[in-house]
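Below you'll find the structure, written out as structure tokens, and then a few comments.
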Amino acid sequence: MAEHYVIIVGVLMLPLDRMYPTPNTDALNQPCFAEVYPPSEDSFLFLDALEADADFIRKLLRPVLSVEVGSGSGIISTFLSKIVDSACSFMCIDVSNQACIATKQVFCANTSCYPLDAVCCDLLSPIRKSSQGLADIVLFNPPYVPTTSGELLNARSTISAAWAGGFRGRQVRPSWFIKRDYLLSLCFLVLQRFVAERVIERFIQQLTPVLFGSGVLYILLLQQNEPDLVSKLINDASGGRLSRSVCIIQRRCGNEQLFVYRYYDPLFYPDSY
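This is how it looks when you write it as structure tokens:
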């Protein structure tokens, strides 16, 4: 059974003063990036979690390959590049081509020390078999906030669809759905229990083959995502490899309670970290 440890680092809404500088995201002011998910409270919470876990990352993990899923603006991987002090390559994946371009621009504007590939694709599907088992660290900030079914119906743009995740924040709206009319939306709600993709579950099923034996996962969850259930799913899908989880930080943002967890194999890392 998965074991959980909680380290409460901060409770403020805004990012704390950091040892590592917050990345410059001025590139996102370009009109072409209007639909890219901007750095928000959840993004800054993720940065605070990485900084709180910096000793673990630098002294024990020492990643050679970092993979971020749903990179959006690219601020999370860019911030991680400030923490690592070993030779590390970065791969960022997003379903939005504009987000991939934004990620590349933000990353390159802040660092020239590490290579980065931005891949427009769904979750971890672009990882070739020859590249599987190489990621030392996987970062995932699911860009889907739990909403009511009514809010799901009324989401009209790409960016609002990214916010509206439906039940438990796990329902993904296909891009064609955004452009359909209200009647089609109603039909979709009737069929959603059969056809709606569940992002977190799909990600979990794809995760283990991508991770190196000593690799770790950092993931942001909401209370509505049922973190205990997610931990069980990760433990089961990894065959017990990722049987330990540490809540690095938690914070209330508006009506949501957010958590950032690190999942790891206890055979490689002591529980004191």
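Under full-length UniProt numbering, the first residue of the sequence shown is numbered 1, with each subsequent residue one higher. For glycine and all other residues, C-beta sits at the position ideal for the given N, C-alpha and C. Model, not experiment: these values are computed from the prediction.
Counted as a single uninterrupted DSSP element, the alpha helix (DSSP H) harbouring A109 occupies residues N97 to N110. If you draw a 10 Å sphere on the C-beta of G240, you find fewer than 16 other C-beta atoms in it, and that means exposed.
Between S66 and M91, the C-beta gap is smaller than 9 Å, which places the two residues in contact. A distance below 8 Å between beta-carbons, with the five flanking residues on each side excluded, links T208 to the following residues of its chain, in chain order: A237, S238, G239, R241 and L242. Between I83 and A118 a beta carbon distance of about 20 Å is seen, past the 8 Å cut, so the two are scored as non-contacting. Membership of E256 in the beta strand (DSSP E) is indicated by the continuous run E256 to Y264. Here N225 is buried: its Cβ has 16 or more other Cβ atoms, across all protein chains shown, within 10 Å. Taking 9 Å as the cut-off, the Cβ atoms of S245 and Y269 do not count as close. Taking the CA atoms as reference points, L28 sits about 12 Å from C100. For I75, the three-state secondary structure derived from DSSP is helix. With distances taken between CA atoms, G133 lies nearest to G213 out of L221, G213, Q30 and E51. By the neighbour-count criterion, in which 16 or more other beta carbons inside 10 Å mark a residue as buried, P63 falls on the buried side. Per DSSP, the beta-bridge partners of L222 are L258. In the DSSP assignment, A118 is bridged to C92.
With contacts defined as CB atoms closer than 9 Å, P38 and G72 qualify as a contacting pair. As the crow flies, the alpha-carbon of R202 is around 18 Å from that of A135. Remark: C-beta atoms of D94 and C120 approach each other more closely than 9 Å. Here N255 is exposed, its C-beta having fewer than 16 other C-beta atoms within 10 Å. Residue environment analysis places N141 among the buried positions, since at least 16 neighbouring C-beta atoms fall within 10 angstroms of its C-beta.
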